[in-house]
Amino acid sequence: MKVKTIVILKGITHKNESQIAIQFPYDTKIIHLIKTIKGATWSRSLKTWYLLQSKDNLNTLIKLLRENNISVRNLIQLPHQSKKIDKTIPETYEKTLKRKRYSKNTIKVYTSFLHQFIHFLDPKTIEEASDNDVRNFQDHLIHKRKVAISTQNQAINAIKFYFEQILQKDRKTYYIERPKKPKQLPKVLSENQIFAILKHSDNLKHKFILALLYSSGLRISELLSLRKEDILYDKNLIFVRSGKGNKDRVTIFAEHMKKLHHLYLDEFKPNYWLIEGINRKQYSSSSVSKILKRAALKAGITQNVTPHMLRHSFATHMLEQGIDLRYIQNILGHGSSKTTEIYTRVSSKSLAKIKSPLDTFLDNKEL
Numbered sequence: 001m002k003v004k005t006i007v008i009l010k011g012i013t014h015k016n017e018s019q020i021a022i023q024f025p026y027d028t029k030i031i032h033l034i035k036t037i038k039g040a041t042w043s044r045s046l047k048t049w050y051l052l053q054s055k056d057n058l059n060t061l062i063k064l065l066r067e068n069n070i071s072v073r074n075l076i077q078l079p080h081q082s083k084k085i086d087k088t089i090p091e092t093y094e095k096t097l098k099r100k101r102y103s104k105n106t107i108k109v110y111t112s113f114l115h116q117f118i119h120f121l122d123p124k125t126i127e128e129a130s131d132n133d134v135r136n137f138q139d140h141l142i143h144k145r146k147v148a149i150s151t152q153n154q155a156i157n158a159i160k161f162y163f164e165q166i167l168q169k170d171r172k173t174y175y176i177e178r179p180k181k182p183k184q185l186p187k188v189l190s191e192n193q194i195f196a197i198l199k200h201s202d203n204l205k206h207k208f209i210l211a212l213l214y215s216s217g218l219r220i221s222e223l224l225s226l227r228k229e230d231i232l233y234d235k236n237l238i239f240v241r242s243g244k245g246n247k248d249r250v251t252i253f254a255e256h257m258k259k260l261h262h263l264y265l266d267e268f269k270p271n272y273w274l275i276e277g278i279n280r281k282q283y284s285s286s287s288v289s290k291i292l293k294r295a296a297l298k299a300g301i302t303q304n305v306t307p308h309m310l311r312h313s314f315a316t317h318m319l320e321q322g323i324d325l326r327y328i329q330n331i332l333g334h335g336s337s338k339t340t341e342i343y344t345r346v347s348s349k350s351l352a353k354i355k356s357p358l359d360t361f362l363d364n365k366e367l
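According to the UniProt record's numbering, the sequence shown is numbered sequentially starting from 1.
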């Protein structure tokens, strides 16, 4: 006799939010039912289905399962709230970001952090938030979430944008001491390592992506936003639309990329975006990161290699070839020459050419 499956509903915290964990032995029927619920997600790390914890979601889930003769054991007790808090992000927030021409990625990051901040404030509303609430949220990000300084800065910017642009608050009423970024040198791969990575990219599409990313010094967001017509083939240039800071620019298109480009177009026939994913939509940044890591491991490179390291390597190798910093600045789309100057501190070849004063005055002499 087959034992009847029981679905257990537990309260958990995941991604900084209260969730309903939906636990049961593997059952295709139950999986199919759960997939019909909006917001239901599978967590690889927790190995469970989960849904944002709310009274409506819990009732919907229990009703659906029981209507399909599935036993439910509910271990969740929702707290009674005297005041209902609206945890949704006002539409005006995203609309204002779009109107001010913020990139898709920045809008996604900002709305995510504002959503986290709204949940962190509960039972307060964001309109009631104080300076101290913002500082406590920062402490939470630093000590509990262990986020990087750049991530902390993004969170501050997201909250500041809401206060200043949506609530029209005076900046002085919520001054936040911003963290200073440590002065770290960019991580760079050698020319031999770049060559090895490209050689170990067996898939034509993957090879084209990585070669283009390195050879033109592109940011990953810029690569994924390229359209077919942005390759100015006869001029050996690439037109970069709305790069960082929403600025257009051109960068170089390597001569050796032309054959690869032809082969890529012939085989994959992109329609609109130069690099297309499933259903001809934009390729994802996570996919690029995965193919790069895979190629690096095949090439015997054990360090953590990221797409941005290819851009750093491009800039450093250009400098080592003797290309003027001003040209490199323009190609990379840096607003300030100081940003580009950091590569002078990375290039070991440039340092090797500098002669010590000791060598200068000891020429033809001995100590």
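Beta carbons: idealized from backbone N, C-alpha and C, even for Gly.
- Here the C-alpha atom of A196 lies approximately 35 Å from the C-alpha atom of S43.
- Secondary structure of N74 (DSSP, three-state): strand.
- By alpha-carbon distance to S18, the top candidate from Q77, F208, S289, G217 is Q77.
- Within the same chain, Cβ atoms closer than 7 Å to the Cβ of P25 are found at T5, the five residues on either side in sequence being excluded.
- Taking the CA atoms as reference points, Q154 sits about 10 Å from F161.
- The Cβ atoms of I328 and L319 sit closer than 8 Å to each other.
- In the DSSP assignment, V250 falls within the beta strand (DSSP E) that extends over 249–252.
- Residue environment for Q138: buried (at least 16 other C-beta atoms within 10 angstroms of its C-beta).
- Looking only at Q152, I238, S130, the smallest Cα-Cα distance to E222 is reached by I238.
- Taken atom to atom, the span from the alpha-carbon of M309 to that of P90 is near 37 Å.
- In this structure, I194 places its C-beta atom within 8 Å of the C-beta atom of S313.
- Contact between F253 and I231 is confirmed by a C-beta separation of about 6 Å, below the 8 Å threshold.
- Nearest to H119 by C-alpha distance, out of D266, K281, D133, is D133.
- Looking at the backbone, the Cα of S112 and that of Y343 are separated by about 33 Å.
- Annotation for L65: V7, V72 place their beta carbon closer than 6 Å to its own, counting only its chain and skipping 5 residues before and after.
- With respect to the 8 Å criterion, L297 and P307 are not classified as neighbours on the basis of their beta carbons.
- Leaving aside the five residues that flank E341 on each side, the residues in its chain whose CB is nearer than 7 Å to its CB run, in chain order, L325.
- When rounded, the separation of the alpha-carbon atoms in L58 and I20 is 8 Å.
- V147 carries a coil assignment under DSSP once its states are collapsed to helix, strand and coil.
- Per DSSP, reduced to three states, the secondary structure at L274 is coil, with no helix or strand assignment.
- Note on geometry: alpha-carbon atoms of S190 and E255 lie some 20 Å from one another.
- Excluding sequence positions up to five before and after T96, its CB lies within less than 6 Å of the CB of Q165, all in the same chain and listed in chain order.
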